[in-house]
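**Student:** Residues 1185 to 1251 in the working numbering are what the sequence shown lists, from first letter to last.
C-beta: ideal position from N, C-alpha, C; glycine also.
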Amino acid sequence: MSFTDKIKNKAENALGVAKEKTGQATGDRELQAEGKADQSKASLKDAGEKLKDAAANVKDALGGSKS
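Next comes the structure, spelled out in structure tokens:
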């Protein structure tokens, strides 16, 4: 996972937390749900990036990076 992707995912998650908390504080259930959705989206992206990294590591371990 690239550093840029990590930062983007963390920022998206943080924005989601902020939306959720703001929705809770103001009683805005739609904003609260949107915040939770943003957090879920960021988590899924993060999981996908980790899966790509793991696959690349397996490929390297099995000698997939021959020159």
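Report back the beta-carbon spacing between Val1242 and Gly1219 to the nearest angstrom; my notes put them in contact at under 8 Å.
**Tutor:** Your numbering for residue 1242 matches position 58 in the sequence shown. Your numbering for residue 1219 matches position 35 in the sequence shown. Not a contact, Cβ separation roughly 35 Å.
**Student:** Quick one: give me the first and last residue of the alpha helix (DSSP H) that Leu1235 is part of.
**Tutor:** Locating residue 1235 in the sequence shown gives position 51, where the first residue counts as 1. Counting along the chain, the alpha helix (DSSP H) containing Leu1235 begins and ends at 1213-1245.
**Student:** Rounded to the nearest angstrom, what separates Leu1235 and Asp1189 at their Cα positions?
**Tutor:** Here residue 1235 refers to the residue found at position 51 when the sequence shown is read from its first residue. Here residue 1189 refers to the residue found at position 5 when the sequence shown is read from its first residue. Answer to the nearest angstrom: the Cα atoms are 13 Å apart.
**Student:** Among Glu1214, Gln1223, Ala1239, which residue has its Cα nearest to the Cα of Asp1196?
**Tutor:** Counting from one through the sequence shown, the residue named residue 1196 turns up at place 12. According to the sequence shown, residue 1196 is Glu rather than Asp. For the residues Glu1214, Gln1223, Ala1239, the minimum Cα distance to Glu1196 belongs to Gln1223.
**Student:** Out of Thr1210, Ala1238, Glu1233, Leu1199, point me to the one whose CA is closest to Ala1221's CA.
**Tutor:** Here residue 1221 refers to the residue found at position 37 of the sequence shown. Answer by Cα proximity: Leu1199.
**Student:** I'd like the list of long-range same chain contacts for Leu1215, defined as Cβ closer than 7 Å, with 5 residues on each side in sequence excluded.
**Tutor:** Along the sequence shown, one-based indexing puts residue 1215 at 31. Within the same chain, Leu1215 has close Cβ partners Lys1203, Thr1206, Gly1207.
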